[in-house]
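> In the order they appear, the protein sequences are chains H and A. For the first sequence, the numbering used here puts the final residue at 266, and the numbers step up evenly by one. For the second sequence, the numbering used here puts the final residue at 1246, and the numbers step up evenly by one.
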Amino acid sequence: MKPMFRRVWGLMYRHLALYRRSWPRLLELAYWPVLQMCIWGFTARFLAARLGNPGLLAGATLLGGVLLWEVTLRSQMGMSISFLEEIWSRNLGHIFVSPLRPIELIAALIGMSVIRMLMGVLPAILLAWGLYAFNLFTLGPVLILFFANLMIMGWAVALGVVSLILRHGAGAEPLAWGVLFGLAPFSAVFYPVSVLPSFLRPISYALPTTHVFEGMRAALLQGVIRWDHLAAAFVLNAVWLAGAAWLFSRQFHAARVSGALISIGE
Amino acid sequence: MNAIQVENLTKRYRDVLAVDDISFVAPAGATVGLLGGNGAGKTTTIAMLLGLLVPTSGRITVLGHDMAKDRFAALARMNFSSPYVALPSRLTVRQNMRVYGHLYDVPCMDERIAALARELDLGEILDRPAGQLSAGQKTRVALAKALINRPAVLLLDEPTASLDPDTGDLVRTWLEQYRADSGCTILLASHNMAEVERLCSHVIMLKSGQVVDRGSPKDLLDRYGRHDLEDVFLDIARDRRHAAAA
């Protein structure tokens, strides 16, 4: 294995070993997505029973929205919390004096984000299929592109959160849990962008997630794949990720200048 | 050849001058002590040597690598131990060693871990979580982590703090042996003057961010007319140099 990949694996191994020894952490991964699916699944079933076919369609878009939003949320939290684990264990000092490059640190955090997201979202997808007969995979191969975009958006936001933690220390920790919820109202998760007031729509269209959810609704309700939305999501993600990487690079350097890397857990 | 070369190193945090234009070298294979009271600039200097902190000005070269431009090449051949930086407490000792074995790209990692476990008497605690160890065991584990990559430069920040005299002596003996066997350069920050006298061939005295004196322990004892380094330390800390020399 090349040294670069070995260093990335080393950091991922550290987190996987932690999960092997901590069942509450494992439980936490799937707990919230499954709970969400229970609540919204029964809501969707109720709508379908009361409204018939329109309710069925509304329920399907609701469940699709819940599951895909969890992909973004779990990806973001998976990355942010893996970084916070290093702060909580006061281990950052050892990591930053090892030959691990910042880009490798990010790669390892992304790797953990993917694992954590799959461990959280897959049980919810299976639950939706088993309890409510909602099969997300009927969207077909385009689902992979939806997932990819949502994960990239989650990583961009997480990188921003990590940057703020580097800058402001553990005081910025709550952002790891809450920051993405601030984007949810503009991401058109459960309703189309057209519902939003016109002055909010440019904000909404600047979010990659909006284009994924518009695309999801088009696929579920009209059976069409909106390549224009997918392309917009990829382009916006590239911009968001580049911006987040720039911010991380700046904040990492600033932390090395200010000494924040030494006292980050305090 | 010098393993560590520090030239006109300065670190300023806004109004605080933590390190003020210091220069020193650590010859390859030597153990150099970095001494000074609290706030003298030892930890800041070590942090800059490790690349954790960017100097305001000055230059650091470790193993021929300029730390401002090429720090990762040097970091692969360095390591660090401090009782104030923990290892993940839920991971076992073996898992922690494996993490750092990967990070430092250690070949034949399992054999290396087994060898360190033998040498530092870690056999019985290898599969125990790091958080459940005693202070002495933690120190030995931290040392094993610091030696996982057979470093050519080892930075130790108070390596025997919080150890009982017996364990402290074992660690010091082991460090002497390791340096003699490997030719490793050790930079040691410590408040234990007996330890410094025993391990270090050269001592750098820091006060208020400046190098106020330097030399071998014997040179310093002679210069200050003292019998142990602790008195020299106190003379410097309390500005009693001239009185002591007189």
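All C-beta atoms, glycine included, are put in the ideal place defined by N, C-alpha and C.
Using 8 Å as the limit for Cβ to Cβ distance, is F96 (chain H) near chain A?
Counting from 1 along the first sequence, the entry for residue 96 (chain H) is found at position 96. Closer than 8 Å: yes.
> Quick test of your reading: V162 (chain H) and S80 (chain H), contact by CB under 8 Å. State the CB separation rounded to the nearest angstrom.
Counted from its first residue, the first sequence places residue 162 (chain H) at position 162. Counted from its first residue, the first sequence places residue 80 (chain H) at position 80. At roughly 6 Å, the Cβ-Cβ gap stays under 8 Å, so V162 (chain H) and S80 (chain H) are in contact.
> CB-CB under 6 Å to I165 (chain H), same chain, minus the five flanking residues each way: which ones, in chain order?
One-based indexing of the first sequence puts residue 165 (chain H) at position 165. Result list for I165 (chain H): A172, in chain order.
> Please confirm whether G334 (chain H) and A244 (chain H) have their CB atoms less than 8 Å apart.
Here chain H comprises residues numbered 1 to 266, so residue 334 (chain H) is not present and cannot be evaluated.
> Which partner residues of M1205 (chain A) appear in the DSSP bridge assignment?
On the second sequence, position 205 is the one that residue 1205 (chain A) refers to. A:L1035, A:D1213, per the DSSP bridge assignment.
> To which residues does DSSP link F955 (chain A) through a beta bridge?
Given a span of 1001 to 1246 for chain A in the structure shown, any question on residue 955 (chain A) remains unanswerable.
> Going by alpha carbons, who is nearest to G41 (chain H) out of H:P185, H:N149, H:G64, H:L29?
Indexing the first sequence from 1 puts residue 41 (chain H) at position 41. When each option's Cα is compared against that of G41 (chain H), the closest is H:G64.
> Does the distance from the CB of G1209 (chain A) to the CB of D1020 (chain A) come in under 8 Å?
Counting from one through the second sequence, the residue named residue 1209 (chain A) turns up at place 209. Counting from one through the second sequence, the residue named residue 1020 (chain A) turns up at place 20. Cβ distance < 8 Å, so G1209 (chain A) and D1020 (chain A) count as in contact.
> Grab me the residues of V121 (chain H)'s own chain with a C-beta within less than 7 Å of its C-beta, minus the 5 sequence neighbours each way, in chain order.
Walking along the first sequence from the start, residue 121 (chain H) turns up at place 121. Excluding five sequence positions before and after V121 (chain H), the CB atoms of its chain that fall closer than 7 Å to its own CB belong to P33, L67, E70, V71, R74, given in chain order.
> Kindly list, in the order they appear in chain H, the residues whose Cβ is closer than 9 Å to that of G1051 (chain A).
Against the second sequence, residue 1051 (chain A) aligns to sequence position 51. Under the 9 Å cutoff, chain H gives F96, V97, R256.
> Name the chain A residues that come within less than 9 Å of N135 (chain H), Cβ to Cβ?
For the purposes of this step, residue 135 (chain H) is taken as the residue at position 135 of the first sequence. Against N135 (chain H), chain A offers no close residue; the least beta-carbon distance is about 38 Å (beta-carbon pairs closer than 9 Å).
> Have a look at M1097 (chain A) and A1142 (chain A) and give me their C-alpha separation to the nearest angstrom.
Residue 1097 (chain A) sits at position 97 when you count from the first residue of the second sequence. Residue 1142 (chain A) sits at position 142 when you count from the first residue of the second sequence. Cα to Cα, M1097 (chain A) sits roughly 9 Å from A1142 (chain A).
> Below 8 Å, how does it come out for the segment 143-151 of chain H and the segment 207-215 of chain H: are there three or more Cβ pairs, yes or no?
yes
> For T1028 (chain A), which residues in the same chain have their Cβ closer than 6 Å to its Cβ, ignoring the five residues on either side in sequence?
Looking up residue 1028 (chain A) in the second sequence gives position 28. This sequence places Ala at residue 1028 (chain A); Thr is not what is there. Excluding positions up to five away in sequence, the list reads M1001, A1003, T1185.
> Does the beta carbon of S1162 (chain A) come closer than 8 Å to any beta carbon on chain B?
The structure shown contains no chain B; its protein chains are H and A.
> Verify the CB distance criterion: does L23 (chain H) have a CB-CB separation below 8 Å to chain A?
Position 23 of the first sequence, counted from the start, is the residue given in the question as residue 23 (chain H). The sequence shown places Trp at residue 23 (chain H), rather than the Leu named in the question. With 8 Å as the cut-off, W23 (chain H) does not count as an interface residue toward chain A.
> For the alpha helix (DSSP H) that contains R1140 (chain A), what are its first and last residues?
The residue you call residue 1140 (chain A) lines up with position 140 of the second sequence. Unbroken alpha helix (DSSP H) run through R1140 (chain A): 1135-1147.
> Among residues of its own chain, excluding the 5 on either side of M119 (chain H), which ones have a beta-carbon nearer than 8 Å to its beta-carbon?
If you number the first sequence from 1, residue 119 (chain H) lands on position 119. Result list for M119 (chain H): L26, L29, A30, in chain order.
> So, helix, strand or coil for I1060 (chain A), using DSSP?
Along the second sequence, read from residue 1 onward, the residue named residue 1060 (chain A) stands at position 60. DSSP places I1060 (chain A) in strand when its eight states are reduced to three.
> By DSSP, does D1105 (chain A) sit in helix, in strand, or in coil?
Position 105 of the second sequence, counted from the start, is the residue given in the question as residue 1105 (chain A). The answer is coil: DSSP assigns D1105 (chain A) none of H, G, I, E or B.
> Please list the segments of the alpha helix (DSSP H) lying wholly inside the segment 151-200 of chain H, counting only runs of 4 or more residues, in order along the chain.
175-178
> Could you compute how far the alpha carbon of I87 (chain H) sits from the alpha carbon of V157 (chain H)?
Taking the first sequence and counting its residues from 1, the one referred to as residue 87 (chain H) is at position 87. Taking the first sequence and counting its residues from 1, the one referred to as residue 157 (chain H) is at position 157. Cα-Cα distance, rounded: 19 Å.
> Whether or not the segment 1117-1135 of chain A and the segment 1089-1108 of chain A are in contact is what I'm after, with contact meaning three or more pairs of Cβ atoms, one per stretch, closer than 8 Å; do they touch?
A contact exists between the segment 1089-1108 of chain A and the segment 1117-1135 of chain A.
> Does the separation of the CB atoms of T1139 (chain A) and E1195 (chain A) fall below 8 Å?
Looking up residue 1139 (chain A) in the second sequence gives position 139. Looking up residue 1195 (chain A) in the second sequence gives position 195. No. Outside cutoff.
> Beta-carbon within less than 7 Å of A1135 (chain A)'s beta-carbon, same chain only, minus the 5 sequence neighbours each way: which residues are those?
Along the second sequence, read from residue 1 onward, the residue named residue 1135 (chain A) stands at position 135. So the list reads S1162, L1163, once near-sequence residues are dropped.
> Inspect the beta-carbon positions of A48 (chain H) and L35 (chain H) and report whether they are closer than 8 Å.
Within the first sequence, residue 48 (chain H) is the residue found at index 48, counting from 1. Within the first sequence, residue 35 (chain H) is the residue found at index 35, counting from 1. Contact: no.
> Would you mind giving the Cβ-Cβ distance between P208 (chain H) and N237 (chain H), rounded to the nearest angstrom? I have them listed as a contact below 8 Å.
As a first step, residue 208 (chain H) is located in the first sequence; it is residue number 208 there, counting from the start. As a first step, residue 237 (chain H) is located in the first sequence; it is residue number 237 there, counting from the start. Correct: roughly 5 Å between the Cβ atoms.
> On the DSSP letters alone, give me the boundaries of the alpha helix (DSSP H) that F46 (chain H) sits inside.
Position 46 of the first sequence, counted from the first residue, corresponds to residue 46 (chain H). Per DSSP, the continuous alpha helix (DSSP H) segment holding F46 (chain H) begins and ends at 23-51.
> What are the boundary residues of the alpha helix (DSSP H) that includes V1085 (chain A)?
The residue given as residue 1085 (chain A) occupies position 85 in the second sequence. No alpha helix (DSSP H) contains V1085 (chain A), which DSSP labels as neither H nor E.
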